[in-house]
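Line by line, the protein sequences give chains A and B.
Quick note: the first sequence uses my numbering, first residue 1, plus one each step.
Quick note: the second sequence uses my numbering, first residue 1, plus one each step.
All C-beta atoms, glycine included, are put in the ideal place defined by N, C-alpha and C.
These numbers were taken from a predicted model, which means no experiment stands behind them.
Here the structure is laid out as structure tokens; the discussion comes afterwards.
Protein chains: 2
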Amino acid sequence: MIRYANESRFVQAVDCIVFGFDGETLKILLIQRGFEPEKGKWSLMGGFVKPNESLEQASTRILKQLTGLDGVYLEQMHTFGDPSRDPMERTISTAYFALIDIHKYEQQLNNDYHPEWFSVKRMPKLIFDQQEMVEMAQRSIRYKAALHPILFELLPKRFTLPQLQILYESVYNTTIDKRNFSKRVLATGLLIKQVEKDKSSSKRGAYYYHLNMQKYYANFQSFLNFIPNPTNLISQ
Amino acid sequence: MIRYANESRFVQAVDCIVFGFDGETLKILLIQRGFEPEKGKWSLMGGFVKPNESLEQASTRILKQLTGLDGVYLEQMHTFGDPSRDPMERTISTAYFALIDIHKYEQQLNNDYHPEWFSVKRMPKLIFDQQEMVEMAQRSIRYKAALHPILFELLPKRFTLPQLQILYESVYNTTIDKRNFSKRVLATGLLIKQVEKDKSSSKRGAYYYHLNMQKYYANFQSFLNFIPNPTNLISQ
DNA sequence: CCAAAAGTGTTCCGTTTACACCCATGT
DNA sequence: ACATGGGTGTAAACGGAACACTTTTGG
Chain A
1 MIRYANESRF VQAVDCIVFG FDGETLKILL IQRGFEPEKG KWSLMGGFVK PNESLEQAST
61 RILKQLTGLD GVYLEQMHTF GDPSRDPMER TISTAYFALI DIHKYEQQLN NDYHPEWFSV
121 KRMPKLIFDQ QEMVEMAQRS IRYKAALHPI LFELLPKRFT LPQLQILYES VYNTTIDKRN
181 FSKRVLATGL LIKQVEKDKS SSKRGAYYYH LNMQKYYANF QSFLNFIPNP TNLISQ
Chain B
1 MIRYANESRF VQAVDCIVFG FDGETLKILL IQRGFEPEKG KWSLMGGFVK PNESLEQAST
61 RILKQLTGLD GVYLEQMHTF GDPSRDPMER TISTAYFALI DIHKYEQQLN NDYHPEWFSV
121 KRMPKLIFDQ QEMVEMAQRS IRYKAALHPI LFELLPKRFT LPQLQILYES VYNTTIDKRN
181 FSKRVLATGL LIKQVEKDKS SSKRGAYYYH LNMQKYYANF QSFLNFIPNP TNLISQ
């Protein structure tokens, strides 16, 4: 193959910030790194890009390896290329964030990498610049979720309005009036009410809802306002 | 240096989509590529990342080389890593978009690369996947400018309300009521009225304004609404 | 029967929209 | 004096925010 003369070549990595929601707080999935440097330390799920795969393919492959999950919401966030970010050798890393239904994942715990969920508020120190990646990922999902319905990716197929509200409240570390919240959410037409109720957290029970997938995909780019004054909350 | 064994290494590039505004339409700056492959074809301003510079430093350096400009608004957009995007050799490119005052630039035309401005509506074919980069960059600035005051970066230090409105109208390919536009813009407190007028486009003259830089930086993250129904316009 | 969570409606206020006329001035 | 572009105000509609009581039912 003809090649560019005199240019440097670097190792290319991808790192995935995997978010989940357990019904109370936002969590991220970490593994103990399997190789040097920093072997055994907690780290994001990452890996190197192979010669014949795109960055998207690499991140999808790594996510599948480590969680067993396919078809996950995955979005490229930012590429980190500081020359000294990896002490072993110059490595450029493209960070993706992923949003998964934590319960789907829990059925998959049979893997070699022993990933664990950590609350974003109580996380171990991470290697390299991964702390910065996680902070940026949190800002990214706060920003994006203020405008687009991505947080549904964190919920199971059927969910209740109180669950959805707790999710938004925990992502933005705020409280929302439930009357206004349900009005805003239902006004989008994104939700389809089911006849069954979830009785696990109250005697009366809360109706289950499904996402209207048609509208979800069709209006994904529209601006939402489930959250009052989002810009006051995004930068936290 | 200790290195990762068995991993592939790739050439890392940066490409800059440089936007300018000539008072009528949005333009981007292109050069004729100086080396093979595709030598002589129109292309974005790009270059390779050197061993001891970050991606930001590389893009800033390349922008400086090709336009002579420092202190330009520059934002990382997306990293393109398809294995076959560059036929010469696998190259991963991180694309940045830049917003510059086209008039500042015009004083700098004395350089070896002969860059030229093209209307985004009438552009030559670009090499590799750069067409896709430009389209994504247009979507990005439409998206970002619907919420944040980045378009001021395209204007000179002093500008008039009609100029600002034409800028927004051309970015979104729409028309806006001038009464409502000026109310919305002035309500942000971002503009400081000057005593002088611009008489170049009317007999009466239009007042010049300056940006209130304090507020500009302090409230940069706040959501604006200079444009009615932005999401209908972003995806064009 | 009571505690605990779910569900629902109204009023008020601020914001956005639609819309039209007068102003300044160079020719 | 008139053509050209610049500047401004108001009323109506809409959307967002604040706010409290009733319902259900397992224990």
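For residue i, the first and last residue of its enclosing beta strand (DSSP E)
{"i": "B/F181", "result": "Here B/F181 belongs to no beta strand (DSSP E); instead the alpha helix (DSSP H) covers K178 to A187."}
{"i": "B/R85", "result": "Run containing B/R85: none; DSSP gives neither H nor E here."}
{"i": "A/L30", "result": "L26 to Q32"}
{"i": "B/I192", "result": "L191 to D198"}
{"i": "A/L211", "result": "A206 to L211"}
Identified DSSP bridge partners for residue i
{"i": "B/M45", "result": "B/C16"}
{"i": "B/A98", "result": "B/V18 and B/L74"}
{"i": "A/S93", "result": "A/A13 and A/F80"}
{"i": "B/T160", "result": "B/Y208"}
{"i": "A/E116", "result": "A/L30"}
Through-space distance from residue j to residue i, alpha-carbon basis
{"i": "A/H210", "j": "A/Y96", "result": "27 angstroms"}
{"i": "A/I100", "j": "A/E24", "result": "15 angstroms"}
{"i": "B/S201", "j": "A/H148", "result": "41 angstroms"}
{"i": "A/N232", "j": "A/A137", "result": "17 angstroms"}
{"i": "A/N180", "j": "B/K178", "result": "34 angstroms"}
{"i": "B/K215", "j": "A/F226", "result": "27 angstroms"}
{"i": "B/R158", "j": "B/L74", "result": "21 angstroms"}
{"i": "A/F35", "j": "B/R3", "result": "12 angstroms"}
{"i": "A/F21", "j": "A/L155", "result": "7 angstroms"}
{"i": "A/R184", "j": "A/R139", "result": "23 angstroms"}
{"i": "B/A187", "j": "B/A5", "result": "59 angstroms"}
{"i": "B/A238", "j": "A/K193", "result": "Given a span of 1 to 236 for chain B in the structure shown, any question on residue 238 of chain B remains unanswerable."}
{"i": "B/L224", "j": "B/F152", "result": "13 angstroms"}
{"i": "A/D198", "j": "A/A206", "result": "5 angstroms"}
{"i": "A/K41", "j": "A/L55", "result": "25 angstroms"}
{"i": "B/F80", "j": "B/K203", "result": "50 angstroms"}
{"i": "A/A285", "j": "B/N229", "result": "The shown model of chain A, from 1 to 236, leaves out residue 285 of chain A, and the question about it has no answer."}
{"i": "A/C16", "j": "B/R33", "result": "35 angstroms"}
{"i": "A/Y172", "j": "A/Y143", "result": "10 angstroms"}
{"i": "B/A145", "j": "B/T174", "result": "14 angstroms"}
{"i": "A/R122", "j": "A/M213", "result": "34 angstroms"}
{"i": "B/V134", "j": "B/V120", "result": "9 angstroms"}
Nearest-angstrom beta carbon gap, residue j and residue i [assumed within contact, 8 angstroms]
{"i": "B/S93", "j": "B/V14", "result": "7 angstroms"}
{"i": "A/V72", "j": "A/L63", "result": "6 angstroms"}
{"i": "B/L30", "j": "B/P115", "result": "7 angstroms"}
{"i": "A/Q221", "j": "B/I141", "result": "About 15 angstroms; that fails the 8 angstroms criterion."}
{"i": "B/N52", "j": "A/P37", "result": "B/N52 to A/P37, Cβ: 20 angstroms. No contact."}
{"i": "A/S182", "j": "A/L26", "result": "In fact, because the Cβ distance is near 21 angstroms, the residues do not count as touching under 8 angstroms."}
{"i": "B/S43", "j": "B/Q165", "result": "With 8 angstroms as the limit, B/S43 and B/Q165 do not qualify as a contact, their Cβ atoms being about 33 angstroms apart."}
{"i": "B/R9", "j": "A/R9", "result": "4 angstroms"}
{"i": "B/K104", "j": "B/L69", "result": "7 angstroms"}
{"i": "B/E89", "j": "B/V11", "result": "6 angstroms"}
{"i": "B/I28", "j": "B/F118", "result": "6 angstroms"}
Extent of the continuous alpha helix (DSSP H) to which residue i belongs
{"i": "B/S59", "result": "L55 to T67"}
{"i": "B/L155", "result": "Here B/L155 belongs to no alpha helix (DSSP H), and DSSP marks it neither H nor E."}
{"i": "B/Y143", "result": "Q130 to L147"}
{"i": "A/N219", "result": "Unbroken run through A/N219: none, as it is neither H nor E."}
{"i": "B/N232", "result": "P230 to I234"}
Proximity test, residue i beta-carbon vs the ligand FAD heavy atom, cut-off 7 angstroms
{"i": "B/E196", "result": "This structure does not include the ligand FAD; it has no bound ligands of any sort."}
Got a sec: which bits of the stretch 87-109 of chain B sit with their beta carbon under 8 angstroms from any beta carbon on chain A, in order along the chain? M88, E89, R90, T91, I92 and T94
Report the residues of the stretch 7-36 of chain A with a CB closer than 7 angstroms to any CB of chain B, ordered along the chain. Under the 7 angstroms Cβ criterion, the stretch 7-36 of chain A contributes E7, S8, R9, F10, V11 and Q12.
Cβ-based contacts, 8 angstroms cut-off: residues of the stretch 182-206 of chain A near chain B: Within the stretch 182-206 of chain A, no residue has a Cβ that lies closer than 8 angstroms to any Cβ of chain B.
Could you list the residues in the stretch 140-166 of chain A with a C-beta less than 7 angstroms from some C-beta on chain B, going in chain order? none
Listed in chain order, which residues of the stretch 64-84 of chain B have Cβ atoms closer than 7 angstroms to some Cβ of chain A? Q76, H78, T79, G81, D82 and P83
Taking only beta carbons into account, state which residues of the stretch 38-55 of chain A come closer than 9 angstroms to chain B, listed in chain order. F48, V49, K50, P51, N52, E53, S54 and L55
Taking a cut of 7 angstroms between CB atoms, which residues from the stretch 111-135 of chain B lie near chain A? Identification of residues in the stretch 111-135 of chain B having a C-beta nearer than 7 angstroms to some C-beta of chain A yields an empty set.
Along the stretch 208-233 of chain A, where does the CB come closer than 8 angstroms to a CB of chain B? Name the residues. Q221, S222, F223, P230 and T231
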